[in-house]
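Since the structure comes first, as structure tokens, the remarks are kept for the end.
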Amino acid sequence: MNIDIITVVPDLLNGPFSHSIMKRAQEKGLLSVNVINLREHTIYARAQVDDYPFGGGAGMVIMIEPLVNAVESLKKTKEYDEVIFLTPDGQPFNQKMANTLSLKKNLLLICGHYKGIDHRFRDHFITKEISIGDYVISGGELAAAIITDAIGRLIPGVLNDETSALSDSFQDNLLAPPVYTRPEEFRGWKVPEILMSGNHKLIEEWRITQSLERTKERRPDLLD
Ligand code: ADE
Numbered sequence: 052m053n054i055d056i057i058t059v060v061p062d063l064l065n066g067p068f069s070h071s072i073m074k075r076a077q078e079k080g081l082l083s084v085n086v087i088n089l090r091e092h093t094i095y096a097r098a099q100v101d102d103y104p105f106g107g108g109a110g111m112v113i114m115i116e117p118l119v120n121a122v123e124s125l126k127k128t129k130e131y132d133e134v135i136f137l138t139p140d141g142q143p144f145n146q147k148m149a150n151t152l153s154l155k156k157n158l159l160l161i162c163g164h165y166k167g168i169d170h171r172f173r174d175h176f177i178t179k180e181i182s183i184g185d186y187v188i189s190g191g192e193l194a195a196a197i198i199t200d201a202i203g204r205l206i207p208g209v210l211n212d213e214t215s216a217l218s219d220s221f222q223d224n225l226l227a228p229p230v231y232t233r234p235e236e237f238r239g240w241k242v243p244e245i246l247m248s249g250n251h252k253l254i255e256e257w258r259i260t261q262s263l264e265r266t267k268e269r270r271p272d273l274l275d
């Protein structure tokens, strides 16, 4: 899978894909992440990409031309399954969306910054708008990193033990059960005995019960 990300702050995306699972996914050739600097696609002097909003008001707006230039130049070599704009007024991101997007071949993520992007670009080029939650962050870059990570780890072969993605929280709309490791006892706090029993059927049943109880208690909305 290939994920292209258009941003005015490419440096913000230097770290998130250079470590751990995202790094391994790229090394295995299962994921490629390509960060595109919007400033390289502007026709304006001093690499300007934003301007004052028509009608007045605070903040700057990213202009349509650099965005269209960047997207059209990328589209010369590939076809995108989705062109996604990261925005607080988008569809709330969840595991189901991550699952669906992990099956795609080419995704293009557009990061907003400042007050937003010229709405004509949203009307004519964007196929999906995604929010990572009901709060505002300074730009779409961290949202793009979160979405890329959530999608990337679901690509078959990325995780060593593929079943470990299946037991994540939110798969099946359930929160994950608690996990424990060595030592068996610490300051008198013991690991639940069932996990030491070696009885895999009972352990599985215990995990399912724990998942259900935790979901009921913490996120009853998931069970609706
Ligand atoms: N840009 C700013 N806030 C955002 C959010 N909550 N989700 C996605 N992109 C954003």
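For the sequence shown, my numbering begins at 52 and goes up steadily by one.
C-beta atoms are modelled at their ideal positions from N, C-alpha and C, and glycine is treated no differently.
MET52 and LYS155 do touch by the CB rule: their CB atoms are close to 7 Å apart, below 8 Å. In this structure, DSSP gives ASP174 a helical state, which the three-state scheme calls helix. Around the beta carbon of ILE181, 16 or more other beta carbons sit within 10 angstroms, so the residue counts as buried. For the 7 Å CB-CB criterion, SER189 and LEU225 do not form a contact. The alpha-carbon separation between SER218 and ARG233 amounts to approximately 21 Å. In the three-state reduction of the DSSP assignment, GLN142 falls in the strand class, which pools E and B. Taking the Cα positions, ASN120 is about 12 Å away from ASN88. Closest option to PHE144, judged by alpha-carbon separation, among ASP174, TYR186, ARG173, MET114: TYR186.
Using a C-beta cut-off of 8 Å, the stretch 197-212 makes contact with the stretch 71-86, since at least three inter-stretch Cβ pairs fall below that distance.
Taking each of ILE115, LEU82, THR199, GLY108 in turn and checking the Cα distance to TYR95, the smallest one comes out for ILE115.
The stretch 146-165 makes contact with the stretch 128-136: 3 or more CB pairs, one atom from each, lie closer than 8 Å. Secondary structure note for SER71: it is in no beta strand (DSSP E), and the uninterrupted alpha helix (DSSP H) holding it is 71-78. Distances taken from the Cβ of GLY184 to the heavy atoms of the ligand ADE include one shorter than 6 Å.
Look at ILE188 here: in three-state DSSP terms it is coil, with no helix or strand label. With respect to LEU63, VAL86 sits apart: the two C-beta atoms are not nearer than 7 Å.
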